[in-house]
Each structure stands twice: as C-alpha cells, then as structure tokens.
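Written below as structure tokens is the structure these notes are about.
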Amino acid sequence: MLTDALTTVRRPRDVRLDSLTGLMPLYAATLDPENVYAALRAEWGSVAAVELSDGVPAWLALDWSDALRVVRERNNFTREVKRWRAFQNGQVKPGTGLHAFFSDRDNAYYSDGADHTRRRAVVDDAFAQVDESALRRDMQWVCDRMLAHIVKDGATTADLVPTYTQFVPSLAVAAMYGLGADDAGVMGQYARDIFSNTAAAGPAFVGLNTMLETLIRERERNPGHDLLSAIVLWRDPRTGTGLTDTELLDTAQMIQSAGHEMSVAWVTMALVYLLSDNDFDGRVRGGRLGIDEALDAVLVNSSPVWNTPARFATADIEIGSVLNDNNVDIGGRFVHDGEAVVAAAAEATASVHRGVDPVWSGTSRASLAFGASGPHHCPAQRISRIIVKASVEAVLHRMPGLTLTVPADQLGTSLSLWARSASSLPVSFDPVTGYEETWARMGASQ
20 MLTDALTTVR RPRDVRLDSL TGLMPLYAAT LDPENVYAAL RAEWGSVAAV ELSDGVPAWL
80 ALDWSDALRV VRERNNFTRE VKRWRAFQNG QVKPGTGLHA FFSDRDNAYY SDGADHTRRR
140 AVVDDAFAQV DESALRRDMQ WVCDRMLAHI VKDGATTADL VPTYTQFVPS LAVAAMYGLG
200 ADDAGVMGQY ARDIFSNTAA AGPAFVGLNT MLETLIRERE RNPGHDLLSA IVLWRDPRTG
260 TGLTDTELLD TAQMIQSAGH EMSVAWVTMA LVYLLSDNDF DGRVRGGRLG IDEALDAVLV
320 NSSPVWNTPA RFATADIEIG SVLNDNNVDI GGRFVHDGEA VVAAAAEATA SVHRGVDPVW
380 SGTSRASLAF GASGPHHCPA QRISRIIVKA SVEAVLHRMP GLTLTVPADQ LGTSLSLWAR
440 SASSLPVSFD PVTGYEETWA RMGASQ
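Each residue of the sequence shown is one higher than the one before, counting from 20 in the working numbering.
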C-alpha cells in the first residue's frame, strides 16, 4: 500500500520543512487518493508535509478554506520563486524537472505586486481580443481533422488519449497564434515535456523559447490579428511602453504551456465521465443536460487540476488545524517564511462537497480548477471552456456508437504533480463512411 510509509503518530504543530525526510511523494495521491489523504490527515491535520520530488518538501493544504487562503492571500503567499528557501539554497537542484518548472520568469505566472498587475493586464487584454466565434469554428475544424484520421479506412477502435486528447491544447494555442498543424505538434511535445517533472523539462523550455523567439520576431515585423500579435503590440495605457523582450518571450511561453496539462485532462476526463456514467450520458444525449453541465460536473467530481503549483510563504503564518491524540483541535499548522505551500485542488473541492445536500452538490460549480478568485486565477477560463467543449462535442457527434472497451477503473492514471487524468481511453465505435470526403470539403472552404 502507498500508505505503508506513513506513520500514525500525530505530528506537532511547529515543524520546519527542511528538517523532514522520507515524506510521502505528492504524486502518490493521484494513484490512491482516498487512503493517502486519510493517512496524511491522520498524521498532520489539514495541512500536511509531502515531497514534491527529488526529496524537496512542501506543505499541502487539504481543506477548502485553507486552499482558498493559499490561492487568494497575496500578502501571505507569493508565486515569486525568489522567496522559496529550498530553491535559493540549492535544495531544488538544477537539471531537475522541478527546477525547470519553477525557474524565475518575467511573466504574470511567476510574479506578484506591480509587476504581476502590469504583466497580467497584457494577458487579459490579449484574451479579450480573441474572436470566440472564430475560435469555436477553428476548433471544430481542427477536431474534425483529427477525427477524420482516426475513423479512416473503416476503423472501429482507437485510444483517444495519444490520438486525440493530448493534441487538443497545442492545436488550440497554435490556432490562436496563427500557426499550422506541424508547429502545433512540436509545441505540444514541448508542453508535455515541461510538465513531465523529468530531466526532459529543461531542454523543452529551451526548445520552446527558441521557437517562440522566432515567432515573436516575425510578429514584430508583420503583426496580424492573432493572440501572439496582440501581446507584441500591447502598450501600457499609462506609459505607452510595451513588454520587454524577456517579458514577451516569457509571456508567450506561459500562455502556450500553462493550461496544456489541465486542458488535456479536462477533455479526457469529460469523455471518461460521459462514457462511464450511463445515467449522465443518457441525460446529455437526450438533451436534458448540455455539455457545459458535463464539464462542470467533471471539475467538481473528477477535477483535472489535482494540485495548484506551489506558492511560497512571505512570513511565518498559522493555517489549518491540528488534532492531538485525543482528537482535540490544538490550533493551526505553522508555516515558516520561505516554505512552499501547495493547494490540493481536487481534495479541497471534494472536501467541501462531502456530507452536504445532494441537491446542492449535484449542481455545484464550486471548484479550484481555475484558481477560484485569487490574484492568479486563470485568465483563459472562457477560452479553455470553448476549446474543451468543442473537443468533446466533436467526438460525440462524429463517432457513433462510442463505447469504452474497458471498465473506467482500468484506464490507468497519468502521473503528474499538478493534473490527474486517465492515461488511456480505449474506445470502439461504429464504422464511419464519407467522413474524410466531408472533412476535405470543409477544409477547402476554410
């Protein structure tokens, strides 16, 4: 059992992370969440110590109220890596996936305060210029193109993860950046490597940045109506200045990769949800529920965002609750200045729905998948929903008789610090005729 390594001894309230070893790896909860979270709560309380990777520890906020504090309280928790003691003292070693992911960058994701406000304005303004109707049409065309390859030559089976869901986010960003399918495939592989938490992450950042630098120079010479051009052309209304070269590159990279893993998981888990829950699927196909309701249900019940990337305490702070051996609450967990804190988004979401009125929980949209309303809430929430919805609808409309070929609990789990998704999605479907010809006519009209 994954929980064998955990002691049943209750930990004291005041423990420093850098004194701890042999902690439960954060990814373990994606494999056995019920047992792992129960064991962590028994040992630590609502804020538990875990290993991010490579022996680097962090605090994990398990309850809804604590997770909200982590993502909302900008005075107590920051994304600025310079505040992370483990990064600055060399405990996060160069060449590791953790170092590559958290290396300081000049974009809204890794900054706070005035820098964050200015850099975030660029992203918000750029997304506001996206033609959502055009994006829907582009996504329908892209998804039809991918599905035409899957169903060609009378095929009746496929694994939709490696052939479809893994490609959706990179193709969507490529469409918004004005790129073709070949470049989208390259960008998508870079994004997968960046989030792999392996040594491949570092080279992937270099490769992606080289690619984006070339694209930025092209947009500076010949701007268009795409998202990347909007970032290049942005000017601060107060000063008339745009982003620096470094900020341009880091912002373009952030948009390309930040939502990749979450979007793959959201599309995949929405399809799993629809294909494995006969009652829910019947209500969607019968028109009593829409795809949007299905997407909301996934965010609440099978959150694609498993954990939010770490924030770092800016001062000593007390958070959560700790029970003694007599199950008496003795106060909060002490988190020390410079220690990393991760919000357990999926567990926190589950915790707020446990034991409540099923009428409320059945229609609830309470989820931390997009960062709630904190300063770093996802700026692309509407865009992401358009992309995921189009991707799911295309499968349901274009693959008649779609059925999972294995039980849902045998789909496997993709290992990740931040997202949780099925590692495979084997399906069968009825033969499709004339689809490639129809798609070819659609392509000719684009």
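Ideal placement from N, C-alpha and C gives every residue a C-beta, glycine not left out.
Could you check how far apart the C-beta atoms of Trp78 and Ala86 are, in whole angstroms? I think they sit under 8 Å.
Approximately 11 Å separates the beta-carbon atoms of Trp78 and Ala86; this is outside 8 Å, ruling out the contact.
Status (buried if at least 16 other CB within 10 Å, exposed otherwise) for Ser248
Counting the other Cβ atoms within 10 Å of the Cβ of Ser248 gives 16 or more, which makes it buried.
Which residue wins for smallest C-alpha separation from Val192, given the options Val89, Gly109 and Ala271?
Of Val89, Gly109 and Ala271, the residue nearest in Cα terms is Ala271.
Enumerate, from N- to C-terminal direction, the unbroken beta strand (DSSP E) stretches of 3 or more residues contained entirely within the stretch 338-408.
Runs of the beta strand (DSSP E) inside the stretch 338-408: 352-354 and 359-362.
Tell me, which residues are paired with Phe15 by DSSP?
The structure shown does not extend to residue 15, since the chain is modelled only from 20 through 465, so no value can be given for it.
Would the beta-carbon of Arg439 fall within 9 Å of that of Pro323?
It is a contact, given that the beta carbons lie within the stated cut-off.
Between Pro398, Val360, Ser410 and Phe121, which lies nearest to Ala284 when the distance is taken from Cα to Cα?
The residue among Pro398, Val360, Ser410 and Phe121 with its C-alpha nearest the C-alpha of Ala284 is Ser410.
Report, in whole angstroms, the separation of the C-beta atoms of Gly173 and Gly243, which I expect to be a contact under 8 Å.
Between Gly243 and Gly173 the Cβ distance is about 40 Å, and since that is not below 8 Å, they are no contact.
Have a look at Pro398 and Val28 and give me their C-alpha separation to the nearest angstrom.
Their backbone Cα atoms lie some 42 Å apart in a straight line.
Taking three-plus beta-carbon pairs below 8 Å as touching, is the stretch 259-277 in contact with the stretch 136-143?
Contact between the stretch 259-277 and the stretch 136-143 is present, with at least three C-beta pairs closer than 8 Å.
Pull up the distance between the alpha-carbon of Ala459 and that of Arg88, whole angstroms please.
Confidence in Ala459 is poor, its pLDDT being 49 and thus under 50, which makes the residue's placement too unreliable to answer from.
Residues of its chain near Arg238, where Cβ-Cβ distance is below 7 Å and the 5 sequence neighbours each way are ignored:
Leu247, Ser248 and Val251, listed in sequence order.
Would Ser130 and Arg91 be called neighbours here (beta carbons separated by less than 9 Å)?
Contact flag unset, no.
Nearest CA to the CA of Asp33: which residue from Ala363, Pro419, Asn343 and Val286?
Of the candidates Ala363, Pro419, Asn343 and Val286, the one whose C-alpha sits nearest the C-alpha of Asp33 is Asn343.
Does the Cβ-Cβ distance between Pro328 and Val361 come in under 9 Å?
Against a cut-off of 9 Å, the Cβ pair of Val361 and Pro328 comes out as a contact.
Contacting residues, own chain, Cβ-Cβ under 6 Å from Arg211 (five flanking each side not counted)
Around Arg211: no qualifying Cβ.
Distance between beta carbons of Leu430 and Ser443, contact taken as under 8 Å:
Yes, Ser443 and Leu430 are in contact; Cβ-Cβ is about 6 Å, under 8 Å.
Cβ-based burial, Lys408 [other Cβ within 10 Å; buried from 16]:
Buried.
Would you mind working out which of Val100, Asp73, Leu59 and Lys101 sits nearest Leu81, comparing C-alpha positions?
Taking Leu81 as reference, the option from Val100, Asp73, Leu59 and Lys101 with the minimal CA-CA separation is Leu59.
For Ile336, list the residues DSSP reports as bridge partners.
Note: Ile336 sits in a beta bridge opposite Val354.
Suppose you measure from the CA of Asn346 to the CA of Phe331; what does that come to, to the nearest Å?
When rounded, the distance between both Cα atoms is 29 Å.
Within the same chain, show all residues whose beta-carbon is closer than 6 Å to that of Leu294, passing over the 5 residues directly before and after it, in chain order.
Result list for Leu294: Leu423, in chain order.
Uninterrupted beta strand (DSSP E) stretches inside the stretch 78-127 (no shorter than 3 residues):
Complete beta strand (DSSP E) runs here, min 3: none at all.
Identity of the residues DSSP links to Pro44 by a beta bridge
Partner residues in the beta bridge of Pro44, as assigned by DSSP, are Glu70.
How long is the line joining the alpha carbons of Ser386 and Pro450, rounded to whole angstroms?
Ser386 and Pro450 have their C-alpha atoms some 38 Å from each other.
Among Asn216, Tyr56, Asp348 and Gly204, which has the Cα closest to the Cα of Gln275?
The residue with the shortest Cα to Cα distance from Gln275 is Gly204.
What is the C-beta distance between Thr229 and Gly116, in whole angstroms, given that I count them as a contact (C-beta under 8 Å)?
At roughly 19 Å, the Cβ-Cβ gap does not stay under 8 Å, so Thr229 and Gly116 are not in contact.
Going by Cα to Cα distance, which pick from Thr452, Trp437 and Met195 is closest to Leu48?
A small correction: the amino acid at residue 48 is Ala; Leu does not occupy that position in the sequence shown. Nearest in C-alpha terms to Ala48, of all of Thr452, Trp437 and Met195, is Trp437.
Alpha carbon of Asp125 to alpha carbon of Glu266, nearest angstrom:
CA-to-CA, the gap between Asp125 and Glu266 works out to about 5 Å.
Tell me which residue opens and which closes the alpha helix (DSSP H) that Asp143 is part of.
Note, Asp143: alpha helix (DSSP H), Gly132 to Ala147.
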